[in-house]
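A.B. asks: One structure coming up, written as structure tokens, with questions to follow.
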Amino acid sequence: MAADNLAEHYLTNLANGTGFLINPLVFWVRPGSAFLQTVHAAARRLGFLSLYLNLGQTDDSEQQLQNLIDKALGWRRAQPWNTTLAGKLDLLQQRKRKKVVLLMDDADRAWESEAGRNMMFALKAAREQMNLGRGEIGLLLMLAGADEAGLRWLVRGHAAPFLGASVKELPQGVV
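Numbering (this note's numbering) for the sequence shown: -14 to 160.
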């Protein structure tokens, strides 16, 4: 399956809640930025509001994510009120009237710092706020990284923010 077709397949299944139980979330072991950029383009083509963040390129991942959301909201600087990550993502989805796809490369690095771990729990809260009890999915998360152990920290164990989600490997030949 070509990367473009695979990207559309994952996006469609996640958005419809099929193939992933009730978890509009997928983790990939080292798909590489090229594939995530393909997913990013496919998401926009399919009418999603797609956000891409590479945790390997920042020391303050939560602030980078906040800035990315602020930019998508059209805010030039931080707002005076204290809005949670979940609140901002929810506001973004409501204002743009599109499902939000958050693509995060090097997500396996999140477990390395307290700020990164807190960001993942904030994303869990956002996913629950935007997807449960609304009749439709508002936030899709696609997280990728090279360190399988780091990704597994996010999905296994009593303290895992995304307990029960699965870590997938891309089929051979997809980059």
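From the three backbone atoms N, C-alpha and C, an ideal C-beta is built for every residue, glycine too.
Since the structure is predicted, the reported quantities are computational estimates derived from the model, not experimental observations.
Is DSSP giving ALA131 helix, strand or coil here?
C.D. replies: Three-state DSSP puts ALA131 in coil, outside helix and strand.
A.B. asks: Can you tell me which of ALA107, GLY135, ALA110 and MET89 puts its alpha carbon nearest to the alpha carbon of LEU21?
C.D. replies: Minimum Cα distance to LEU21 is reached at MET89.
A.B. asks: Touching or not, the segment 74 to 82 and the segment 23 to 30, by the rule of three or more beta carbon pairs under 8 angstroms?
C.D. replies: Taking 8 angstroms as the limit for Cβ pairs, the verdict is that the segment 23 to 30 does not touch the segment 74 to 82.
A.B. asks: Could you pull out every unbroken beta strand (DSSP E) segment of at least 3 residues lying fully inside the segment 74 to 136, listed in chain order?
C.D. replies: Within the segment 74 to 136, the complete beta strand (DSSP E) runs of at least 3 residues are 85 to 90 and 124 to 130.
A.B. asks: Between the segment 46 to 54 and the segment 138 to 147, do at least 3 Cβ pairs fall closer than 8 angstroms?
C.D. replies: With a cut-off of 8 angstroms, the segment 138 to 147 and the segment 46 to 54 do not count as touching, because too few Cβ pairs lie within range.
A.B. asks: Based on Cα-Cα distance, which residue from ALA144, LEU36, GLU133 and ALA145 lies nearest to GLU154?
C.D. replies: Nearest C-alpha to GLU154: GLU133.
A.B. asks: Compute the Euclidean distance between the alpha carbons of LEU40 and SER151, then round it to the nearest angstrom.
C.D. replies: Roughly 20 angstroms separates the two Cα atoms.
A.B. asks: Around the Cβ of GLY130, are there at least 16 other Cβ atoms within 10 angstroms (buried) or fewer (exposed)?
C.D. replies: So GLY130 counts as buried.
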